[in-house]
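Visitor:
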Amino acid sequence: MNCSRRFILLILFFSPSACWALISSADFDSPILMFTAVILAISIGGAFLALILHNIRLSSFKKIQANLNYLPVGAVIVRGNDGSLLYANKACRELIGVRKVGNSYIYPDHIEPQMLYDFLRPYSNETGFRDWGKELILSDRLGIKLKISGQRIRFKRKMAWLLYLYEPQQHNVVQSKIEQEQRVFQSVLNSLSELVYFQDNAERIIGTNKAFDRFWRGRLNDGLIDSEEASHSTNNSTHTWTTSPDGCSRLLETNKTLLIGDNGEVIGTLGISHDVTDWHEMQESLKTEIEKREVTEQTLAQRNNLLDTILSASQDPIGLFNQHWVYVGCNESFAHSLGYTTETLLGKVVSDVLDSDKWELCRLIDEEVMAKGITIKTEDYVILEDGTPIWYEVAKSPYRDPTDNSVGVLVMARDVTERKATEQQLADAIMDLQELSFIDSLTKVANRRSFDEQLRKLWHGHVREQQPLTLILCDIDYFKAFNDNYGHQQGDIALQEVAKVLRNVVQRGTDEVARYGGEEFAFLLPNTDLKGGEIVAANIHQELATKGLTHGYSNVANTLTVSLGIASVIPLPSQDYGDLVGMADVALYKAKAAGRNCSMSISDNDDF
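The sequence shown begins at 11 in our numbering and counts up one residue at a time.
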């Protein structure tokens with residue numbers, strides 16, 4: 011069976027043992043096929059990476075060299091008796107800085123053949139080793155941690171070592187943070203007493219919290235509110251009678267809300283149900299008692315006794331005042347929330363109890379309740395005498411006194427402090443996620459997504475206002491040479507330092523600096539003409555020169571410099587913001603053609 015057919019069988023079975031058997035016995039005629047096998051083996055298990063070519067038949071040096079050059083890991087061949095370097099593939103040269111001069115290979119300055127010989131000597135009686143960890147010092151300041159695996163081979167009839175070098179896999183920090191935030195989000199949902207569920211656009215359940223699962227276990231579909239039914243209800247709220255797991259009848263108030271994605275599209279719905287049975291029964295009971303007071307004074311007295319009993323039994327604050335705003339009834343929770351006792355509150359006027367600002371707001375609501383005979387729900391923030399802050403959901407309903415047919419207000423409050431705290435946590439989590447999605451993780455300036463969104467908004471605003479909009483594209487000169495010679499880690503540090511300089515140049519809160527891609531940055535300057543953009547560009551050059559970031563491999567200076575392309579337009583409705591980007595790109599090309607470390611400008615009056 012040839013290698014291609016074995017590779018197909020490997021994909022079909024997709025097991026580490028099959029992968030190992032194939033690579034160990036295969037004679038790969040195609041370097042691309044060999045590279046694909048290596049990548050597949052890595053995806054199946056990282057432990058095979060170090061010795062992935064352990065038993066490949068070395069039929070000829072040219073053939074194995076062609077294969078090794080395509081490997082994604084560093085590979086070298088060293089002489090067994092003195093550690094001399096005989097061969098290094100491209101990945102190894104990029105990883106540790108091996109140089110190729112003609113047909114010879116030279117170690118980096120900080121690596122000697124004797125070091126490799128001393129390192130390999132303990133394995134002289136073994137056929138190979140794997141995953142030996144070492145920190146390799148490439149310069150006085152820069153070190154790199156490597157994993158090394160080796161296999162003894164015969165090379166040009168002499169004993170040699172085939173070594174594989176690679177950096178250990180690092181955890182994806184961003185993904186871990188997102189997963190942690192998802193776990194926090196799910197934990198917050200599970201802490202709610204409300205029944206919460208999520209549906210996609212096909213009304214399939216895609217998530218619930220523990221309260222929902224406990225209440226609707228074995229009958230999940232009963233807990234879903236039909237979208238058409240919810241659309242006909244008031245305030246997106248639906249009241250449904252159902253049976254709890256213990257067999258009791260319960261009234262659920264369900265609110266169904268659309269979930270909107272980043273681009274404004276509807277991605278599903280969120281349903282939140284709250285058990286309002288006690289609240290409903292208490293309200294109905296109180297209303298019934300008020301209506302029955304019309305029968306006789308005796309019935310009125312009996313109902314008042316029942317009302318007092320309910321008030322005393324309720325943990326939620328409940329109070330009543332008449333049309334003159336005099337408190338005529340309350341329970342201890344209600345009085346305590348206002349800093350009084352039941353005895354000291356009854357008979358007082360509302361305006362004497364509340365602060366003047368709160369009283370004016372409450373008076374307008376109370377007048378509407380009594381005039382229109384409707385129930386109005388509000389929220390109120392109260393700090394108790396002991397300093398405890400509490401959020402209340404307050405429902406004000408009208409009642410009529412049967413003795414004189416006067417109208418009053420029934421006030422019922424519910425402690426929603428926990429819910430408000432949860433809402434705040436959710437809001438904070440959403441803000442954190444939004445910030446992550448618009449900030450470049452390396453340089454901490456706005457990313458390309460944020461830049462595109464801001465440019466789109468500014469463009470339409472400047473079309474309406476007919477004000478100049480200026481864009482500066484910034485490219486670090488000879489940055490590839492910087493990375494090649496100092497390493498990508500130093501390159502990342504240089505990008506961070508340049509970003510700090512660019513942030514310092516931006517003075518106005520409306521201006522934005524963003525990482526446009528790679529070593530390119532972009533400036534958006536609203537309400538700024540070409541001259542203003544040129545001033546900003548001059549400041550960029552000056553600040554970078556003052557910073558003095560060393561670049562010994564630049565052809566224009568000994569420090570990091572940038573080329574800038576400046577474009578400014580007063581947008582027209584017939585234009586597109588892509589025109590501004592194109593103008594800035596042309597200006598940047600001219601700056602590079604002019605020798606770099608300079609700025610070039612283009613306006614909408616220029617013929618480019």
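Here a beta-carbon is modelled for each residue, glycine too, at the ideal position from N, C-alpha and C.
Only a predicted model underlies this, so the values are computations on that prediction, with no experimental measurement involved.
1. Would you list the one or two residues that DSSP bridges to G281?
2. Could you tell me the distance, in whole angstroms, from the CA atom of V426 to the CA atom of Y402?
3. In angstroms, rounded to a whole number, what distance separates the CA positions of A221 and P408?
4. Suppose the cutoff is 7 Å on Cβ atoms and the five residues either side in sequence are ignored; what does the same chain contact list for I393 look like?
5. Select from W289, L173, C484 and Q293 the residue whose C-alpha is nearest the C-alpha of V83.
6. Output yes or no for whether 9 Å exceeds the beta carbon distance between L330 and G418.
7. Count the CB pairs spanning the segment 519-527 and the segment 594-602 that are closer than 8 Å, and state whether there are at least three.
8. If you draw a straight line from the C-alpha of M610 to the C-alpha of L535, how long is it?
9. Using the Cα positions of N332 and N341, report the straight-line distance between them to the nearest angstrom.
10. Measuring only the C-alpha atoms, how far is Y207 from K430?
11. Rounded to a whole number of angstroms, what is the C-alpha to C-alpha distance between S573 and L479?
12. Grab me the residues of R606's own chain with a C-beta within less than 6 Å of its C-beta, minus the 5 sequence neighbours each way, in chain order.
13. Does the Cβ of C484 have 16 or more other Cβ atoms within 10 Å, making it buried, or fewer, making it exposed?
14. Out of S201, E213, D210 and N211, point me to the one whose CA is closest to D223's CA.
15. Could you check the C-alpha separation between S460 and T264 for me, to the nearest Å?
16. Can L420 and I328 be called in contact, C-beta distance under 9 Å?
17. Using the beta-carbon count (16 or more within 10 Å), is Q517 buried or exposed?
18. Just to check my reading of the structure: L481 and A547 have Cβ atoms closer than 8 Å, yes? What is that Cβ distance to the nearest angstrom?
19. Do I612 and I576 have their C-beta atoms within less than 9 Å of each other?
20. Given a cut-off of 9 Å, decide if L205 and I106 are closer than it, judged by their beta-carbon atoms.
21. Just to check my reading of the structure: V111 and Y97 have Cβ atoms closer than 8 Å, yes? What is that Cβ distance to the nearest angstrom?
22. Would DSSP call T432 helix, strand or coil?
23. What is the C-beta distance between G160 and Y127, in whole angstroms, given that I count them as a contact (C-beta under 8 Å)?
24. Please list, in chain order, all residues of the same chain as I116 whose beta carbon is under 8 Å from its beta carbon, the five residues on each side excluded.
25. How close, in whole Å, do the beta carbons of G349 and E395 come, if the pair is a contact with beta carbons under 8 Å?
26. Who are the near neighbours of Y176 in its chain, counting only those whose CB is closer than 6 Å to its CB and skipping five residues on each side?
27. Grouping DSSP H, G and I as helix and E and B as strand, with all else coil, what is G201?
28. Touching or not, the segment 540-559 and the segment 507-514, by the rule of three or more beta carbon pairs under 8 Å?
29. Under 9 Å between the Cβ atoms of Y587 and L465?
30. Check the C-beta distance from Q209 over to T279 and give it rounded, since I have them as a contact under 8 Å.
31. Could you pull out every unbroken alpha helix (DSSP H) segment of at least 4 residues lying fully inside the segment 342-427, listed in chain order?
32. So, at 8 Å on beta carbons, what are the nonlocal neighbours of T351 in its own chain, with the 5 sequence-adjacent residues on each side left out?
33. Alpha carbon to alpha carbon, what distance is there between A601 and C608?
34. Any idea what DSSP makes of P536, helix, strand or coil?
35. Between S564, G257, K100 and N211, which lies nearest to K490 when the distance is taken from Cα to Cα?
36. Keeping to the same chain, check which residues put their C-beta closer than 8 Å to that of H334; ignore five residues upstream and five downstream.
Guide: In this structure, then:
1. One-based indexing of the sequence shown puts residue 281 at position 271. Y207 and K266.
2. Indexing the sequence shown from 1 puts residue 426 at position 416. Indexing the sequence shown from 1 puts residue 402 at position 392. Near 5 Å, if we compare the C-alpha coordinates of Y402 and V426.
3. Stepping through the sequence shown from its first residue, residue 221 is reached at position 211. Stepping through the sequence shown from its first residue, residue 408 is reached at position 398. One C-alpha to the other measures close to 34 Å.
4. Position 383 of the sequence shown holds residue 393. Answer for I393: P399, listed in chain order.
5. Against the sequence shown, residue 83 aligns to sequence position 73. Per the Cα distances, L173.
6. Taking the sequence shown and counting its residues from 1, the one referred to as residue 330 is at position 320. Taking the sequence shown and counting its residues from 1, the one referred to as residue 418 is at position 408. Yes, they are a contact pair.
7. no
8. In the sequence shown, the residue the question calls residue 610 occupies position 600. In the sequence shown, the residue the question calls residue 535 occupies position 525. Taking the straight line from one Cα to the other gives about 16 Å.
9. The sequence position of residue 332 within the sequence shown is 322, counting from 1. The sequence position of residue 341 within the sequence shown is 331, counting from 1. Between N332 and N341, the C-alpha separation is close to 16 Å.
10. On the sequence shown, residue 207 is found 197 positions in, with the first residue counted as 1. On the sequence shown, residue 430 is found 420 positions in, with the first residue counted as 1. Looking at the two C-alpha atoms, the distance is approximately 19 Å.
11. Looking up residue 573 in the sequence shown gives position 563. Looking up residue 479 in the sequence shown gives position 469. When rounded, the distance between both Cα atoms is 20 Å.
12. Translated into positions along the sequence shown, residue 606 becomes position 596. Answer for R606: D487, V566 and S573, listed in chain order.
13. Here residue 484 refers to the residue found at position 474 of the sequence shown. Its Cβ being crowded by 16 or more others within 10 Å, C484 is buried.
14. Position 213 of the sequence shown, counting from 1, holds the residue named residue 223. With distances taken between Cα atoms, D223 lies closest to S201.
15. By one-based count along the sequence shown, residue 460 stands at place 450. By one-based count along the sequence shown, residue 264 stands at place 254. In a straight line, the C-alpha of S460 is about 36 Å away from that of T264.
16. For this step, residue 420 is matched to residue 410 along the sequence shown. For this step, residue 328 is matched to residue 318 along the sequence shown. Yes. Within cutoff.
17. As a first step, residue 517 is located in the sequence shown; it is residue number 507 there, counting from the start. So Q517 counts as exposed.
18. By 1-based counting over the sequence shown, the position of residue 481 is 471. By 1-based counting over the sequence shown, the position of residue 547 is 537. That belief does not hold up - the Cβ atoms of L481 and A547 are roughly 11 Å apart, past 8 Å.
19. Here residue 612 is taken as the residue at index 602 of the sequence shown, counted from 1. Here residue 576 is taken as the residue at index 566 of the sequence shown, counted from 1. Cβ atoms of I612 and I576: closer than 9 Å.
20. As a working mapping, residue 106 is identified with position 96 in the sequence shown. As a working mapping, residue 205 is identified with position 195 in the sequence shown. Contact flag unset, no.
21. Within the sequence shown, the letter at position 101 stands for residue 111. Within the sequence shown, the letter at position 87 stands for residue 97. At roughly 13 Å, the Cβ-Cβ gap does not stay under 8 Å, so V111 and Y97 are not in contact.
22. For the purposes of this step, residue 432 is taken as residue 422 along the sequence shown, with counting starting at 1. T432: helix per DSSP, three-state reduction.
23. Taking the first residue of the sequence shown as 1, we reach residue 160 at position 150. Taking the first residue of the sequence shown as 1, we reach residue 127 at position 117. That belief does not hold up - the Cβ atoms of G160 and Y127 are roughly 13 Å apart, past 8 Å.
24. For the purposes of this step, residue 116 is taken as residue 106 along the sequence shown, with counting starting at 1. L95, V108, R109 and K110.
25. Translated into positions along the sequence shown, residue 349 becomes position 339. Translated into positions along the sequence shown, residue 395 becomes position 385. Yes, G349 and E395 are in contact; Cβ-Cβ is about 6 Å, under 8 Å.
26. Along the sequence shown, read from residue 1 onward, the residue named residue 176 stands at position 166. Correct list, in chain order: V83 and K157.
27. Walking along the sequence shown from the start, residue 201 turns up at place 191. The identity of residue 201 in the sequence shown is Ser, whereas the question assumes Gly. In this structure, S201 counts as helix in the three-state DSSP scheme.
28. yes
29. To locate residue 587, count along the sequence shown from 1; it is residue 577. To locate residue 465, count along the sequence shown from 1; it is residue 455. Yes; because the gap between Cβ atoms is below 9 Å, this pair is in contact.
30. Numbered from its first residue, the sequence shown carries residue 209 at position 199. Numbered from its first residue, the sequence shown carries residue 279 at position 269. About 5 Å separates the two Cβ atoms, so the contact holds.
31. 342-347, 352-355, 360-363 and 366-382
32. Here residue 351 refers to the residue found at position 341 of the sequence shown. The residues are E342 and A345.
33. The count along the sequence shown starts at 1 and reaches residue 608 at position 598. The count along the sequence shown starts at 1 and reaches residue 601 at position 591. Rounded to whole angstroms, C608 to A601 spans 6 Å at the Cα level.
34. Taking the first residue of the sequence shown as position 1, residue 536 is located at position 526. Looking at P536 - three-state DSSP - the assignment turns out to be strand.
35. In the sequence shown, residue 490 corresponds to position 480, counting from 1. Closest by alpha carbon: S564.
36. Counting from one through the sequence shown, the residue named residue 334 turns up at place 324. Result list for H334: V359, in chain order.
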